[in-house]
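To keep things clear, I will list the structure first and then write my remarks on it.
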Amino acid sequence: MTNAEIARKLKEIRTLMEFAGEPFYKFMAYERAAETLENAPPVAQLLASDELTKLPGIGKTIAGRIQEIVDTGTSAYLEELSQKYPPTLFEVLGVSGIGMKTAQALFHQQGIASLADLEAAVEAGSLVGVARLGPKSLENVKRGILAYKGRQRRTPLGRALPLAREIIAYIQGGSPAQSVTYAGSLRRQEPSVGDIDIVCTSHQADRVIAHFVASERAEAVLAEGSTKASIWVAGGLQIDLRVLPEDVYGNLLQHFTGSREHNIQLRELAVRRDLRVSENGILNLATGENATCRTEEEVYAALDLSYIPPEMRLGVGEIEAAANGTLPVPVALSELRGDFHMHTTASDGVDTLEAMIAAAAARGYEYHAISDHSQGRGSFGLTPVRLREQHAEIRALSGRQGIKTLCSSEVDIRPDGSLDFDESVLAELDVVVASVHSATRQSRDEMTARLIRACENPYVNVIGHPTGRSESFHGYEFDFDAVFSAAARTGTALEIDGHPSHLDLLGSLARRAKQLGCTFSLDSDAHAAGQLEHVSYAVGQARRAWIEAADVLNARSLEGVRAFVAAKRRGPPGAQN
DNA sequence: GCCGTTTTCGGCCCGACTGTTTTCAGTCG
């Protein structure tokens, strides 16, 4: 069972507890624990090492429930609540505009316990007269039902970010906006986002907001006030805009970047110092003085914290680290000197070798590797003969663009852990990426052994997209700690694949790998010249994992990379004799 | 239910917008 699945169960408990009238801080504890879990290392590993209660917000009681969920798939407490309140209540609560109070009233007064019940009641007009449900609220409920049905739950980062950039350009282009940027889960590089938060500064907020809600993209305007507005765009994705004066830009950006848990912890720390933190500034409760910050750095400095990059704001220990000066500086895109994973028309890419070399050179890289698929991938995989022909082409083009092109391959890891090329072919390559593409539903033990054997191969330098996750597949089952430890021990880098449909490793898992001493390769997995920029998503996940430049293979010089490869081929000291 | 630089009890983050209200409850982020 994944962390996300366990977190979902905890959130179900939380919601049903509130529905049942339990005290606020009791059910909120479950919500905070769930959010912590979503960004924590795999629960199975935490339970094995007895580290679960070390996570913030997880004490004895909730840890016990988590253990129970892992062991049995559910919790007796959850089952008990579910007996009283049917699971279809979550549908009603999922309708925008219907909150806890309304849902409780509808349930107790009219027996409405599902979306179908709600629709029927709306149709029959039987909701007229329910407290605080006037004609406008009823219209909102109707719209909420339609949105609930048509809505996709979450939007992948790779789709949301371009949309956010488009909206930002629209705002900048037609309104008196000063600074405009995206915040929220997008800025934290969450793998998928529930909405898009945009923050903006202006002294004419009303004009910016009027322009925003007039966008052709807006299929509905959900709210329109003097400093904030919300719209829905196609597919039911919500976009929130907040506009404040330029002198609180730092407070504004900090506030709306979140995460919620990070902000709660930050404000709790502030309260202990008699300070109240909000998007409007930092209010000193003793003196009544409000300090405004133009930058986020000022916000953190005002609380005696070192700057915490957005991707690290997850409420998983970063505030403590920032307070005691141990927060690492995460790797930055500008520190990358190359990219080991890209394809050409020789396999399933759409651009030629020459075009990919030119594109990599244009990014200012010192080196890059061409890593087309190996023969096992069927019609588009390269045979040894075709691979050697490609090497000849690379040598012929070498040096023309002022970038070193390395000969590589994304070699299939076969079901038994052996590689799709034999050693004589692998030995000719400068660097080897090895990936699983077949038999992805092997047993946990088989997949673990398969990946460890790949790590132990002296020619394998990078394990490509290590978990195999995608938008539609949760990834292969294997023992993360065992494989990550093998990678660290053998000098094999783990890839963080930035292709938006992969994002693999995710930050939470990569952080575990970092704790186990792994080296990482941050790659684009580009299948077109324009996709080399996807490496920025890999950097985003790396930063969420607290990975530093020193942990990153492609942040090293070409000599450093060659030394990494040579060391593994040579084997551990003494192994030759 | 969790937690501790006022530590084992007594606290627990902050604010905007809407619609239904005659001063605020509910929802949302």
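Under my numbering, the first residue of the first sequence is numbered 579, with each subsequent residue one higher. For each residue, glycine too, the CB sits at the ideal point set by N, CA and C. Only a predicted model underlies this, so the values are computations on that prediction, with no experimental measurement involved.
Practice prompt. Determine the closest residue to E613 out of Q968, R1067, A585, N1035, with distance taken between C-alpha atoms.
Written response: For the residues Q968, R1067, A585, N1035, the minimum Cα distance to E613 belongs to A585.
Practice prompt. Let me know the secondary structure DSSP gives D649 once reduced to three states.
Written response: Helix at D649.
Worksheet item: Under 8 Å between the Cβ atoms of C1096 and T1068?
Response: Using a Cβ distance threshold of 8 Å, C1096 and T1068 do not count as a contacting pair.
Worksheet item: Counting pairs of Cβ atoms below 8 Å between the segment 704 to 717 and the segment 725 to 732, do you hit three or more?
Response: Cβ pair count under 8 Å is below three, so no.
Worksheet entry | Per DSSP, the bridge partner or partners of Q816 | In DSSP, Q816 forms a bridge with D773, W810.
Discussion item. Alpha carbons only, please: which of N868, V907, L863 is nearest the one belonging to S884?
Written reply: Selection N868, V907, L863 evaluated against S884 yields V907 as nearest (Cα-Cα).
Item to complete: Rank I746, A901, H1105, M595 by C-alpha distance to the C-alpha of S925 and give the top, closest one.
Response: Per the Cα distances, H1105.
Fill in: Proximity winner among F685, P620, I591, relative to D1057 (alpha-carbon distances)
Out of F685, P620, I591, P620 has the C-alpha closest to the C-alpha of D1057.
Discussion item. Measuring only the C-alpha atoms, how far is S660 from A1071?
Written reply: So the two alpha carbons sit approximately 45 Å from each other.
Discussion item. Here's the rule: buried if 16 or more other CB atoms are within 10 angstroms of the residue's CB, otherwise exposed. What is Q953?
Written reply: It counts as buried.
Discussion item. With a threshold of 8 Å, are at least 3 pairs of Cβ atoms found where one atom belongs to the segment 932 to 941 and the other to the segment 1098 to 1118?
Written reply: Enough Cβ pairs lie closer than 8 Å, so yes.
Worksheet entry | 4-residue-minimum alpha helix (DSSP H) runs that sit fully inside the segment 721 to 780, ordered along the chain | Those alpha helix (DSSP H) runs which fall completely within the segment 721 to 780 and span 4+ residues are 735 to 752, 762 to 765.
Discussion item. Taking its Cβ as the centre, do 16 or more other Cβ atoms sit within 10 Å of A801, making it buried, or is it exposed?
Written reply: Per the 10 Å Cβ criterion, exposed.
Practice prompt. Keeping to the same chain, check which residues put their C-beta closer than 6 Å to that of H921; ignore five residues upstream and five downstream.
Written response: Taking H921 as the centre and dropping the five residues before and after it, the same chain places the C-beta of G927, D950, H1105 closer than 6 Å to its C-beta, in chain order.
Worksheet item: Where N1155 and G1149 are concerned, what is the direct C-alpha to C-alpha distance, given to the nearest angstrom?
Response: The pLDDT assigned to N1155 is 45, lower than 50, so where the model puts this residue is not dependable, and the model offers no usable value.
Worksheet item: Would DSSP call H951 helix, strand or coil?
Response: Looking at H951 - three-state DSSP - the assignment turns out to be strand.
Worksheet item: Unbroken alpha helix (DSSP H) runs of length 4 or more, entirely within the segment 968 to 1012: which are they?
Response: Taking 4 residues as the shortest admissible run, the segment 968 to 1012 contains the following complete alpha helix (DSSP H) segments, listed from N- to C-terminal end: 1001 to 1004.
Worksheet item: Taking the alpha-carbon positions, what's the G1085 to T631 distance?
Response: About 21 Å.
Worksheet item: Ordered along the chain, which non-local residues of its own chain (more than five positions away) have a Cβ less than 7 Å from that of V786?
Response: I749, S753, P754, A755, C778, S780, V821, listed in sequence order.
Worksheet item: Around the Cβ of T904, are there at least 16 other Cβ atoms within 10 angstroms (buried) or fewer (exposed)?
Response: T904 is exposed by the Cβ-count criterion.
Practice prompt. Give the secondary structure of Y945 by DSSP, where H, G and I count as helix, E and B as strand, and everything else as coil.
Written response: In this structure, Y945 counts as strand in the three-state DSSP scheme.
Worksheet item: CA-CA distance, R1122 and L764?
Response: Going from the Cα of R1122 to the Cα of L764 covers about 12 Å.
Worksheet item: Can you name, in chain order, every residue of its own chain whose Cβ lies under 8 Å from the Cβ of E646, other than the five neighbours on each side?
Response: Once the five neighbours on either side are set aside, the close Cβ partners of E646 are T652, S653, A654.
Discussion item. Just verifying my parser: in three-state terms, what is the DSSP assignment at M606?
Written reply: The DSSP-derived three-state label of M606 is helix.
Worksheet item: Do A618 and G635 have their CB atoms nearer than 8 Å?
Response: A618 places its beta carbon 8 Å or farther from that of G635.
Worksheet item: What are the residues that DSSP puts in a beta bridge with A798?
Response: For A798, which the question treats as bridged, DSSP gives the partners W810.
Item to complete: Please name the residue, chosen from G814, A694, E839, that lies closest to I897 on a Cα-to-Cα basis.
Response: For the residues G814, A694, E839, the minimum Cα distance to I897 belongs to E839.
Worksheet entry | Backbone CA spacing between G916 and E629 [nearest angstrom] | Taken atom to atom, the span from the alpha-carbon of G916 to that of E629 is near 37 Å.
Worksheet item: Apart from the five residues on each side of it in sequence, which residues of its chain come closer than 8 Å, Cβ to Cβ, to E971?
Response: Hits under 8 Å: L931.
Fill in: Counted within 10 angstroms of its Cβ, other Cβ atoms place H1052 as buried (16 or more) or exposed
Exposed is the label assigned to H1052, since fewer than 16 other Cβ atoms lie within 10 Å of its Cβ.
Worksheet item: In this structure, does DSSP put V791 in helix, strand or coil?
Response: In this structure, DSSP gives V791 a helical state, which the three-state scheme calls helix.
Discussion item. Can you check which of these residues, K982, R1019, R1028, E701, is closest to I991 by C-alpha distance?
Written reply: Cα-wise, what sits closest to I991 is R1028.
Worksheet item: So, is E590 buried or exposed, given that buried needs 16 or more other C-beta atoms within 10 angstroms?
Response: E590 comes out buried.
Worksheet item: Does the distance from the CB of R1129 to the CB of F1098 come in under 8 Å?
Response: According to the sequence provided, residue 1129 is Asp. The question's Arg does not apply to it. Yes. Within cutoff.
Worksheet entry | For G1138 and S1102, believed in contact at Cβ under 8 Å, the rounded distance | Contact between S1102 and G1138 does not hold, since the beta-carbon distance rounds to 20 Å and is not under 8 Å.
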